[in-house]
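Written out below as C-alpha cells is the structure these notes cover.
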C-alpha cells in the first residue's frame with residue numbers, strides 16, 4: 020500500500036469519558052490489560068502495509084508520546100516514511116461526534132503535501148476492530164467514490180457514534196447518535212490526497228467544524244460510499260462502553276475474532292516477566308497480564324501489568 024499514507028487523529032474528547040479527558044487522551048487508555056486504544060488503528064494500518072503514519076496529538080499527549088516512542092514496535096522506525104508525530108490545535112474538540120477537526124487537518128497540511136502517495140487513510144482511536152484495510156482500498160478503487168467510509172451495524176445505543184443514512188451504498192447524510200441495528204461510521208475512511216487538500220481550502224473559513232459536518236451541504240457533489248465491516252467492533256466513548264468493550268473479550272468468540280494470528284495487534288514491548296500463579300491461588304475466566312503475582316482469587320476480571328493479588332484477596336468482575 021505504498022499508494023496510501025495513514026493519519027490517526029487523537030485530538031478530541033468524549034463528553035462521557037471524564038476518566039480520560041483530564042489525565043490522558045482516549046487514544047492512550049489501557050485496553051485488555053496490555054494494549055492501548057491507539058494500537059488498533061495503528062496495527063490495522065501497519066498490517067495493511069501502510070508504512071507512513073501520522074498521529075495528531077492532543078494537548079495531554081505525554082502518555083501517548085511515551086507509548087508510541089519512535090514507532091519501532093510497529094516497524095515504523097524507518098528512514099523513509101515511518102511514524103510522524105503531528106501537532107494538534109489547542110484542546111481539540113469536545114463536540115459530540117467531531118473527531119476529524121478541520122483545524123487539525125489544515126495545520127498539518129505539510130504532512131499531506133510532502134508525499135507522493137495518492138490516497139490518505141484517516142482513522143480515530145475510539146473503535147476496537149481488526150481489519151485488512153487493503154479490502155477498503157480495493158473497493159474504493161473499483162467504485163467511482165470520492166470517499167469510502169467504513170461502516171458497521173451497531174449493537175448498542177450510543178449518542179457519540181456517528182450514524183449514516185444511505186441511498187444504496189452512498190452516504191446522503193450523517194447524524195450524531197445511533198440506535199441498536201443502525202448503520203454507523205467506524206471513524207475510518209479513505210480519500211484521494213488531492214481531494215482532501217482541496218477540501219481544506221473549501222472549508223478553511225469553518226475550520227472549527229468536523230470534516231463531515233462541513234460536508235453536510237456537499238454530499239451531492241462529493242460521492243461518499245461505504246464499505247461495510249462484518250467483524251467484531253467495540254465503540255468506546257464512555258466509562259460504561261469502555262468497561263463493556265474490555266469485559267466482553269473474556270468470551271472466546273469475540274476475542275478470537277479480534278485477535279487473529281495473521282493480523283496481530285502490536286503494542287509497546289515492556290519485556291516484563293510472565294505472570295506468576297502461586298500455590299493456592301484461584302483464577303477463572305480472566306486475563307492476567309505479565310508481571311502479575313496471584314496468591315488470592317481472581318474471577319471474571321482483567322488485570323494490567325505488575326498487579327499483586329495477596330493471599331485471601333478476592334477480585335471479581
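In the working numbering, the protein residues as written are 20 to 336. All C-beta atoms in this analysis are idealised placements derived from N, C-alpha and C, irrespective of residue type, glycine included.
Query, Result
"Segment contact flag, the segment 201-218 with the segment 169-185, C-beta cutoff 8 Å, min 3 pairs", "yes"
"Identity of the residues DSSP links to residue 211 by a beta bridge", "138"
"Euclidean distance between Cα positions of residue 269 and residue 160", "38 Å"
"Spatial distance of residue 232 from residue 120 (CA atoms)", "10 Å"
"Cβ-based neighbour list, residue 108, same chain, cut-off 8 Å, excluding 5 preceding and 5 following", "30, 120, 122, 123 and 126"
"Nearest residue (CA-CA) to residue 24, options 103, 77, 82 and 81", "103"
"C-alpha distance - residue 77 paired with residue 227, whole-angstrom precision", "15 Å"
"Rounded Cβ spacing between residue 240 and residue 139 (contact assumed at less than 8 Å)", "Their Cβ separation, rounded to whole angstroms, is 19 Å, which puts residue 240 and residue 139 out of contact at 8 Å."
"Straight-line gap, residue 176 to residue 261 (C-alpha atoms, nearest Å)", "14 Å"
"Nonlocal neighbours in the same chain, by C-beta distance under 7 Å from residue 320, ignoring five residues either side", "305, 334, 335 and 336"
"CA nearest to the CA of residue 295, picked from 149, 281, 322 and 224", "322"
"Boundaries of the beta strand (DSSP E) in which residue 316 is found, first to last residue", "316-318"
"Nearest residue (CA-CA) to residue 318, options 308, 303 and 311", "303"
"Nearest residue (CA-CA) to residue 215, options 132, 286 and 154", "132"
"Same chain only: Cβ atoms within 8 Å of residue 199, ignoring 5 sequence neighbours per side", "173, 174, 175 and 176"
"Contact check, residue 70 vs residue 100, beta carbons under 8 Å", "yes"
"CA-to-CA distance, residue 184 to residue 244, given in whole angstroms", "11 Å"
"Check whether residue 92 and residue 286 have beta carbons under 8 Å apart", "yes"
"Strand pairing of residue 169, partner residues [DSSP]", "246"
"Own chain residues within Cβ distance below 8 Å of residue 51, not counting five before or after", "265, 268, 306 and 321"
"Bridge partner(s) assigned by DSSP for residue 177", "197"
"Distance between beta carbons of residue 130 and residue 187, contact taken as under 8 Å", "In fact, because the Cβ distance is near 34 Å, the residues do not count as touching under 8 Å."
"Environment of residue 289 [buried if 16+ CB atoms lie within 10 Å]", "exposed"
"Local conformation of residue 72 per DSSP, three classes", "strand"
"Residues bridged to residue 150 (per DSSP)", "According to DSSP, residue 150 bridges with nothing at all."
"Simplified DSSP assignment, three categories, for residue 156", "helix"
"Backbone secondary structure at residue 225 - three-state DSSP", "helix"
"Short CB-CB distance (under 8 Å) between residue 208 and chain C", "Absence of chain C from the displayed structure is noted, only one protein chain being present."
"Nearest neighbour of residue 61, chosen from 309, 283, 315 and 308 [CA to CA]", "283"
"Beta strand (DSSP E) segment containing residue 27, residue limits", "23-28"
"Enclosing beta strand (DSSP E) for residue 301 [first to last residue]", "301-303"
"Inter-residue Cα distance where the pair is residue 3 and residue 248", "Because the chain here runs from 20 to 336, residue 3 falls outside it and cannot be looked at."
"Under 8 Å between C-beta atoms of residue 189 and residue 258", "no"
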